[in-house]
Amino acid sequence: MSDNEDERGCNEFAEMIEQLEKAIDMVETHKKENYAMPKEYYNMFMSEETSDEEKVLSYKGFALFTSTDDEFYKSFVKGKLRNLFPFFEEHFERPFTDWTLMLLKCCFKDKKPSEKIIDGICSTITMTLDEDQHPTKALNESFLLLHKTFVLYPDLVDVIVKSDSFQSGRFVQGLILELIFTDFKESLYSMCLDLLGVLFGRPDTEGCLYINDLNVLLSDVFPALCRATNNVVEVVMNKMCTVLIPILKIGRINPQYEEVQTFDESLQALLDNNTEDVDIVRELQQLSNPLN
Numbered sequence: 008m009s010d011n012e013d014e015r016g017c018n019e020f021a022e023m024i025e026q027l028e029k030a031i032d033m034v035e036t037h038k039k040e041n042y043a044m045p046k047e048y049y050n051m052f053m054s055e056e057t058s059d060e061e062k063v064l065s066y067k068g069f070a071l072f073t074s075t076d077d078e079f080y081k082s083f084v085k086g087k088l089r090n091l092f093p094f095f096e097e098h099f100e101r102p103f104t105d106w107t108l109m110l111l112k113c114c115f116k117d118k119k120p121s122e123k124i125i126d127g128i129c130s131t132i133t134m135t136l137d138e139d140q141h142p143t144k145a146l147n148e149s150f151l152l153l154h155k156t157f158v159l160y161p162d163l164v165d166v167i168v169k170s171d172s173f174q175s176g177r178f179v180q181g182l183i184l185e186l187i188f189t190d191f192k193e194s195l196y197s198m199c200l201d202l203l204g205v206l207f208g209r210p211d212t213e214g215c216l217y218i219n220d221l222n223v224l225l226s227d228v229f230p231a232l233c234r235a236t237n238n239v240v241e242v243v244m245n246k247m248c249t250v251l252i253p254i255l256k257i258g259r260i261n262p263q264y265e266e267v268q269t270f271d272e273s274l275q276a277l278l279d280n281n282t283e284d285v286d287i288v289r290e291l292q293q294l295s296n297p298l299n
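When the letters of the sequence shown are read in order and numbered with the working numbering, they come out as residues 8 to 299.
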């Protein structure tokens, strides 16, 4: 290789290095600017001079950084959430917005929520259902948060049971709505079953199961799951059957309870197509008949 070619090659290499250094510098500068943004939003939110309207805007800006994969944002946001918790309880009107639910989801594992926050999530479920009879992001996030609550802080289930949302039946209606519109393979479906099982596995919730909700579970939700799983007992079907046993026992106490034909047909289809979980399916068959 000639000296000229060597020199040309070195120059090209030097230019590439220079371009790379400029690119790195631009990325680092961009990051530093972005890293300053959540701090500004947080300081603005905590400032006494910030109006309520400005607080909501700065709060939304702060919440946006929870959806990033960047470790700095995650650690920074989590580190500041403890200071924001009082605002969740007092400052914001119900229902909780998607932004509040997004922030709460980030910190439930690190900080136990207050009873006020749990009651606020339950109220959010009721108010969301008042506006829309289809699952929304707020409804989904609310149930995901409450599932996390009973896993991490089982003592707070009492707050859910005593809430107006659960006592009025709206909470259960929301769970049923999720089961109708959510694919059984999604984790949310299984979590909703978990919530039903935990809540109606308690002796103090008998009066909170409304016959119309039970009928929807038996005539719509259960047969739909049977069709979706091709009448095969899978993990989620086993969970559904397990959850329905205490619910059916409660339902039979209601003088309005009547046998649901589509439910019985679905149970028989399970027996005809499977050898597993025969005992639990037969128990449901017995419970479904009010004369047994």
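C-beta: ideal position from N, C-alpha, C; glycine also. Quantities reported herein were computed from a predicted structural model and do not represent experimental measurements.
- Ser54 carries a coil assignment under DSSP once its states are collapsed to helix, strand and coil.
- The C-beta of Val205 has 16 or more other C-beta atoms within 10 Å across all chains shown, which makes the residue buried.
- With contacts defined by Cβ atoms closer than 8 Å, Ser172 and Ile132 form a contacting pair.
- In the three-state reduction of the DSSP assignment, Ser273 falls in the helix class.
- At a Cβ-Cβ threshold of 8 Å, Thr236 and Phe178 do not count as neighbours.
- Spanning the alpha carbons of Leu152 and Thr143 requires a straight line of approximately 14 Å.
- DSSP places Arg209 outside both helix and strand once states are collapsed to three, so it counts as coil.
- The three-state secondary structure of Glu241, taken from DSSP, is coil.
- Looking from the CA of Gly181, the closest CA among Val166, Met198 and Asp165 belongs to Met198.
- Of the candidates Asp105, Val240, Glu138 and Pro230, the residue whose Cα lies closest to the Cα of Leu278 is Val240.
- Cα atoms of Leu159 and Val63: separation of roughly 29 Å, rounded to the nearest angstrom.
- CA-to-CA, the gap between Gln275 and Lys256 works out to about 19 Å.
- Per DSSP, Thr104 lies in no alpha helix (DSSP H) and is assigned neither H nor E.
- A distance below 8 Å separates the beta carbons of Leu216 and Phe207.
- In the DSSP annotation of this structure, the continuous segment of the alpha helix (DSSP H) that includes Cys233 starts and ends at Phe229 to Ala235.
- The stretch 135-142 makes no contact with the stretch 106-120: fewer than 3 CB pairs, one atom from each, lie closer than 8 Å.
- In this structure Ile128 touches Ser149 by the C-beta definition: roughly 5 Å separates them, less than 8 Å.
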